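Enquirer: These protein sequence lines are chains A and B, in that order.
Under my numbering, think of the first position of the first sequence as 11, with each following residue one higher.
Under my numbering, think of the first position of the second sequence as 13, with each following residue one higher.
Every residue gets a Cβ at the ideal spot worked out from N, C-alpha and C, and that includes glycine.
These numbers come from a predicted model, not from an experiment.
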Amino acid sequence: MENGTAIRTQGLVKNYGNVRALRGLDLEVKRGEIFGFLGPNGAGKTTTIRCLLDLIRPNGGAAEVLGINPQRNPVAVRARTGYLPGELHFDENLSVEATLRYLSALRGRKADWDYTRSLAEKLDLGLKTAIKNLSKGNKQKVGVVQALMHRPKLLLLDEPTSGLDPLLQQAVLRMVQDARQQGATVFFSSHILSEVQEIADRVGIIRLGALAEVAETQSLVKRSLRRVRLRFREAVPQAVLAGIPGVKILSEGDGLSPLLQVEGEMDALIKAVAQFTVVEFETERPSLEEVFLAYYEE
Amino acid sequence: MLTIFTHTLKRFLGQILGWGISFGLITLYLMAVYKPMIEQQAELVSLLEAYGETMLAFFGGGADFLSPAGYLDFGFFSYFPVVAGIFAVLIGSGLLAADEEKGTLDLILAHPVSRTGLFWGRFLAFAAATTAILALTWLGFAFGLPIAGWDVSAVALLLPHISLLAVLLLFGAFALLLSMVLPSRMLAASTAGALMVVSYLVSSLARVNEQLKALNDFLPLKYYQGGRALDGLDWQNFLGLMGFAALFAVLAWLLFLRRDIRVSGEGSWRLPGLKRPRTADR
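(1) Give, in chain order, every unbroken run of the beta strand (DSSP E) that is at least 3 residues long and sits entirely within the segment 219-268 of chain A.
(2) Under DSSP, the alpha helix (DSSP H) around B:R134 begins and ends at which residues?
(3) Apart from the five residues just before and just after A:I59, which ones in its own chain have a Cβ nearer than 6 angstroms to its Cβ?
(4) For A:E262, collect the residues of the same chain with a Cβ closer than 8 angstroms to its Cβ; drop the 5 residues on either side in sequence, then sort them by chain order.
(5) Quick check: the Cα distance between B:P26 and A:I216, rounded to an integer number of angstroms?
(6) Please confirm whether B:L146 and B:Q237 have their CB atoms less than 9 angstroms apart.
(7) Is A:L98 helix, strand or coil when you go by DSSP?
(8) Cβ of B:G30 less than 9 angstroms from any chain A Cβ?
(9) Look at the Cβ atom of B:P48, then the Cβ atom of B:V179, and state whether they are nearer than 9 angstroms.
(10) Counting only Cβ-Cβ distances shorter than 7 angstroms, please list the residues of the segment 113-140 of chain A near chain B, keeping chain order.
(11) For A:R161 and A:Y93, I'd like the C-alpha separation in whole angstroms.
(12) Given the structure, does B:V209 come close to the ligand SAM, in the sense that its CB is under 8 angstroms from one of the ligand's heavy atoms?
(13) Applying the 10 Å Cβ sphere with the 16-neighbour rule, what's the burial state of B:I50?
(14) When you compare only the Cα positions, how much space is there between A:I243 and A:E275?
(15) B:R197: buried (16+ other C-beta within 10 angstroms of its C-beta) or exposed?
(16) Contact check, A:V289 vs A:G265 under 8 angstroms by CB: the rounded distance?
(17) Using 9 angstroms as the limit for Cβ to Cβ distance, is B:G115 near chain A?
(18) Does any CB atom of chain E fall closer than 9 angstroms to the CB of A:K163?
(19) Output yes if chain A places a C-beta closer than 9 angstroms to the C-beta of B:T39; else output no.
(20) Run through chain A and tell me which residues come within less than 7 angstroms of B:A258, C-beta to C-beta.
(21) Would you list the one or two residues that DSSP bridges to A:Q271?
(22) Please work out which residues of its chain come closer than 6 angstroms, Cβ to Cβ, to B:L130, disregarding the five sequence neighbours upstream and downstream, and give them in chain order.
(23) Below 7 angstroms on C-beta distance, what does B:V193 contact in chain A?
(24) Quick one: residues in its chain with C-beta nearer than 7 angstroms to the C-beta of B:L231, no 5 flanking neighbours on either side, listed in chain order?
(25) By Cβ distance, which residues of its chain are closer than 8 angstroms to B:L176, with the 5 residues on each side in sequence left out?
(26) Buried or exposed, going by whether 16 or more other CB atoms sit within 10 Å of the CB of B:R294?
(27) At a Cβ threshold of 9 angstroms, is B:R134 touching chain A?
(28) Pick helix, strand or coil for A:G214, following the three-state DSSP scheme.
(29) What residue ranges within the segment 133-166 of chain A form continuous beta strand (DSSP E) runs of no fewer than 3 residues, ordered along the chain?
(30) Mind listing the chain A neighbours of B:P124? Cutoff is C-beta to C-beta under 8 angstroms, in chain order.
(31) For A:L98 and A:L129, which I take to be in contact (beta-carbon distance under 8 angstroms), what is that distance rounded to the nearest angstrom?
(32) Chain A partners of B:T20, CB-CB under 7 angstroms?
(33) Which residue comes first and which comes last in the alpha helix (DSSP H) that contains B:S216?
(34) Identify the residues that DSSP records as bridge partners of A:F197: which are they?
(35) Classify A:T293: buried if its beta carbon has 16 or more other beta carbons within 10 angstroms, exposed otherwise.
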């Protein structure tokens, strides 16, 4: 693996009995980037992350994390990684501080305690409270702090803002960006598209255990889909618009003001409607969510 | 491994004190009532004779229950492997599977801890906790020695506890092994507990039933001395029990190295060991 790559998987396969969770996943994450891993529940996001930490063993293919094979040397991978599980559970009988100190001890006490306190303060997290008395959102804060407190080279975050209110979601996203500015690579899975769009440099869309698309976030949003609202002077037959390659009619608007979704170049649409009197031609860029849904509609 | 060991031992502290102090008080009580029992031995002998041979078999035979070794066996060590065995089975079956089912193992193993370090750190903590409970039990006997007026040293009283320790480690390691094979911690604990009770019944009845003696040769309690170890520990039996405890623990460790860590229903249970793992961390 060249120095510029933080994560690479080649043909990664993972089966749970008859269920094929990963079907030959090829993925490459560059060092120093924030990579958003998108997909609905069951697409294979968590399975991928757990393979990278050797919590589960792939049935085929290969993976490398920071140049290390996680199946051959999982301890070395974990020493350089901060992980926030999607299903986060702690020993309920410990306080927040005791939990963080124990997890720090597992890392040979490499966490900077002043830095840990500052992370907790940013999230308004009390250290003396018992875990069993914390809400789901507050437990998530503990998860975020433990993932960041030893300044890892790689952050593997599985749904990092799950259970947090919008203000705290923003706080967590800022902390993730801070970590990247300090040199960390961030690989995070999410199905909250707005947060991926907000902080990710690149996005990978996983579909049925294989990568459907990888692109820079903005280019993915800009490149493929446009929403076009037209207004004609006279009604245009639906067949005219339906037959244009890459065009999907979202709303007919009585033939006078149709709403279209256009994938790819606009040329065919413009040429097709040029024979009619066009009063208005309005285009909108879709949200990442619409792009994402477009992949799943295929 | 040291961090895992000390943290696990701290988690067991409540159980060590709860079980250990309870057992220590029982043994102190047993020593305190020894003299009054001896003073009424004629009535006691006739009472025990009325129980019949089969009933007495469950309490170590009862032939010499008035001697220190016989009394220890009758009053405590004959049935105590099952009582303390509940602790061993519950802890053994939950040593890894409980945290796996709760989802906490996922986070711990995402830290730079090898599966080997985690496994043996926890198993040694279980062994240390069991030893601590038996030490508190022994303290009850030791404090009771002057009350009972036995011509037995406190060190000699350790010998039945050493024999008991081997049995408990064996039960715990067996429950741990089952937890690596069966789909849930509860099923592993139930299965190990049921086998422990069946083993106890067969070994007890084998004292009076010739047909069960052949089967008893394959059961752990046949090689457990109990109170009779006061007259000298059978090291061969002790090492045999410890050997099987170690064998079960090693098998459980090998299975733990090979398997996926389950969390929140992810993955499914299959018979382990049918396929070689791609790699395994040491």
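Expert: Quick look at the numbers:
(1) 220-226, 235-242 and 257-261
(2) Against the second sequence, residue 134 of chain B aligns to sequence position 122. Counting along the chain, the alpha helix (DSSP H) containing B:R134 begins and ends at R127 to A160.
(3) For the purposes of this step, residue 59 of chain A is identified with residue 49 of the first sequence, where counting begins at 1. Excluding residues within five positions, the ones whose Cβ falls inside 6 angstroms are L166 and D168.
(4) Position 252 of the first sequence, counted from the start, is the residue given in the question as residue 262 of chain A. Answer for A:E262: Q248 and P268, listed in chain order.
(5) Numbered from its first residue, the second sequence carries residue 26 of chain B at position 14. Numbered from its first residue, the first sequence carries residue 216 of chain A at position 206. Note on residue identity: the sequence assigns Gly, not Pro, to residue 26 of chain B. B:G26 and A:I216: Cα-Cα distance of roughly 47 angstroms.
(6) For the purposes of this step, residue 146 of chain B is taken as residue 134 along the second sequence, with counting starting at 1. For the purposes of this step, residue 237 of chain B is taken as residue 225 along the second sequence, with counting starting at 1. No, these two residues do not count as a Cβ contact at 9 angstroms.
(7) As a working mapping, residue 98 of chain A is identified with position 88 in the first sequence. If DSSP states are grouped into helix, strand and coil, A:L98 belongs with coil.
(8) Here residue 30 of chain B refers to the residue found at position 18 when the second sequence is read from its first residue. For B:G30, the answer is no, since every Cβ of chain A falls outside 9 angstroms of its Cβ.
(9) Working through the second sequence from its first residue, we reach residue 48 of chain B at position 36. Working through the second sequence from its first residue, we reach residue 179 of chain B at position 167. No, Cβ-Cβ distance for B:P48 and B:V179 is not below 9 angstroms.
(10) L113, A115, L116 and R117
(11) The count along the first sequence starts at 1 and reaches residue 161 of chain A at position 151. The count along the first sequence starts at 1 and reaches residue 93 of chain A at position 83. Distance between the alpha carbons of A:R161 and A:Y93: 11 angstroms.
(12) The ligand content of the structure shown is nil, which means the ligand SAM is not present either.
(13) Within the second sequence, numbered from 1, the residue matching residue 50 of chain B stands at position 38. It counts as exposed.
(14) Within the first sequence, numbered from 1, the residue matching residue 243 of chain A stands at position 233. Within the first sequence, numbered from 1, the residue matching residue 275 of chain A stands at position 265. The displayed chain sequence assigns Arg, not Ile, to residue 243 of chain A. If you take the alpha carbons of A:R243 and A:E275, they lie about 25 angstroms apart.
(15) Here residue 197 of chain B corresponds to residue number 185 of the second sequence, with the count starting at 1. Per the 10 Å Cβ criterion, buried.
(16) As a working note, residue 289 of chain A is residue 279 in the first sequence. As a working note, residue 265 of chain A is residue 255 in the first sequence. Not a contact, Cβ separation roughly 13 angstroms.
(17) Walking along the second sequence from the start, residue 115 of chain B turns up at place 103. Chain A contact via Cβ: present.
(18) No chain E is present in this structure, whose protein chains are A and B.
(19) Reading the second sequence from its first residue, position 27 is the one you call residue 39 of chain B. B:T39 does not count as touching chain A.
(20) Taking the second sequence and counting its residues from 1, the one referred to as residue 258 of chain B is at position 246. By Cβ distance, chain A contributes nothing, its closest Cβ being about 25 angstroms from B:A258, past 7 angstroms.
(21) Position 261 of the first sequence, counting from 1, holds the residue named residue 271 of chain A. A:R237 and A:K258.
(22) Stepping through the second sequence from its first residue, residue 130 of chain B is reached at position 118. Result list for B:L130: I16, in chain order.
(23) Position 181 of the second sequence, counting from 1, holds the residue named residue 193 of chain B. Chain A residues near B:V193: none, gap ~16 angstroms exceeds 7 angstroms.
(24) One-based indexing of the second sequence puts residue 231 of chain B at position 219. Answer for B:L231: S211, V214 and S215, listed in chain order.
(25) Residue mapping note: residue 176 of chain B aligns to position 164 of the second sequence, counting from 1. Cβ neighbours of B:L176 beyond the five flanking positions: F89, F92, P93, A96, L146, Y236 and G238.
(26) In the second sequence, residue 294 of chain B corresponds to position 282, counting from 1. For B:R294, the predicted structure reports a pLDDT of 39, less than 50, and the residue's modelled location is therefore unreliable. A value from the coordinates is still provided. Flag for B:R294 reads exposed.
(27) As a first step, residue 134 of chain B must be located in the second sequence, where it is residue number 122. Not an interface residue.
(28) Numbered from its first residue, the first sequence carries residue 214 of chain A at position 204. Strand, per DSSP.
(29) none
(30) Here residue 124 of chain B refers to the residue found at position 112 when the second sequence is read from its first residue. What B:P124 touches in chain A: V85, A86, R88, A89, L116, R117 and G118.
(31) Along the first sequence, read from residue 1 onward, the residue named residue 98 of chain A stands at position 88. Along the first sequence, read from residue 1 onward, the residue named residue 129 of chain A stands at position 119. Actually they are not in contact, since the Cβ atoms of A:L98 and A:L129 sit about 16 angstroms apart, beyond 8 angstroms.
(32) Position 8 of the second sequence, counting from 1, holds the residue named residue 20 of chain B. Simply none; closest approach about 11 angstroms.
(33) Your numbering for residue 216 of chain B matches position 204 in the second sequence. Per DSSP, B:S216 belongs to the alpha helix (DSSP H) from R197 to L217.
(34) Here residue 197 of chain A is taken as the residue at index 187 of the first sequence, counted from 1. A:F45 and A:L166.
(35) By 1-based counting over the first sequence, the position of residue 293 of chain A is 283. So A:T293 ends up on the exposed side.
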